[in-house]
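Have a look at the structure below, then the notes.
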Amino acid sequence: NAGVTQTPKFQVLKTGQSMTLQCAQDMNHEYMSWYRQDPGMGLRLIHYSVGAGITDQGEVPNGYNVSRSTTEDFPLRLLSAAPSQTSVYFCASSHRATEAFFGQGTRLTVV
Amino acid sequence: QQQVKQSPQSLIVQKGGIPIINCAYENTAFDYFPWYQQFPGKGPALLIAIRPDVSEKKEGRFTISFNKSAKQFSLHIMDSQPGDSATYFCAANPPQTSGSRLTFGEGTQLTVNP
């Protein structure tokens, strides 16, 4: 049982490049979320999904897109990377009334 | 706007000490308050959680105290060990969202010296 799997673990982008951070879970959880973690700010919610085909914005959605075509996958897209998007990104999944399980994170640097 | 405020930012205790981490929240609609533990290079992992209908919850050496009227909750770690050295985050979640919309505190870096 792998839990929540994020790829890649590390990535360096140039300003203006695009990329997709992958997130997959094998626990059949309905809820999935993306957070970014910055020093001194905790984790902040970017986007979340309550099921396949349903997504909504969190606290810091600008510059990021998501889609949820299957229960298992919830990719996060950066359309035009900016240095302000340098961060550690975490994907999480949860079932109704249970804890959120987090992936190991993707460390992204935008130069 | 930080809806969950956490203090202190860092904490150093000796082995066997009882570190206490405090959080305050603003949104009275929050109904689920978890604490997460994070080791370097890893994702956060749930440590213990509480709902506002109880004032205290214990799991092993970890205790949450919850004060609904003051909108505050805290984590106590009894008999702390060097292996407890990690970053701790409090969080809060709106109702009926099953941990998918967590608002986190800023984090506390705990160091337990041998």
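As they're listed, the protein sequences go chains B and P. Residue numbering for the first sequence follows the working numbering, starting at 1 and increasing by one per position. Residue numbering for the second sequence follows the working numbering, starting at 112 and increasing by one per position. Note that CB positions come from ideal geometry on N, CA and C, so glycine has one too. Every value quoted in this text rests on a predicted model; they were computed, and no experiment measured them.
- A residue is called buried once 16 or more other Cβ atoms fall within 10 Å of its Cβ, and Ala2 of chain B, having fewer, is exposed.
- Put simply, the CB of Glu72 of chain B is far from chain P, with every gap to its CB atoms at 8 Å or more.
- DSSP places Pro75 of chain B outside both helix and strand once states are collapsed to three, so it counts as coil.
- Any Cβ of chain B closer than 8 Å to the Cβ of Ser211 of chain P would place that residue at the interface, and such an atom is present.
- In terms of beta-carbon proximity, Ala160 of chain P lines the interface with chain B, with at least one pair separated by less than 8 Å.
- At a cut-off of 8 Å between beta-carbon atoms, Val50 of chain B makes contact with chain P.
- Counting along the chain, the unbroken beta strand (DSSP E) around Glu167 of chain P starts and ends at Glu167 to Glu170.
- Residue P:Arg162 holds the alpha-carbon nearest to the alpha-carbon of Ala140 of chain P among P:Tyr147, P:Leu122 and P:Arg162.
- Ser118 of chain P is bridged by DSSP to P:Asn133.
- By the Cβ criterion, the segment 7-19 of chain B is in contact with the segment 100-108 of chain B, since at least three pairs of Cβ atoms, one from each stretch, lie closer than 8 Å.
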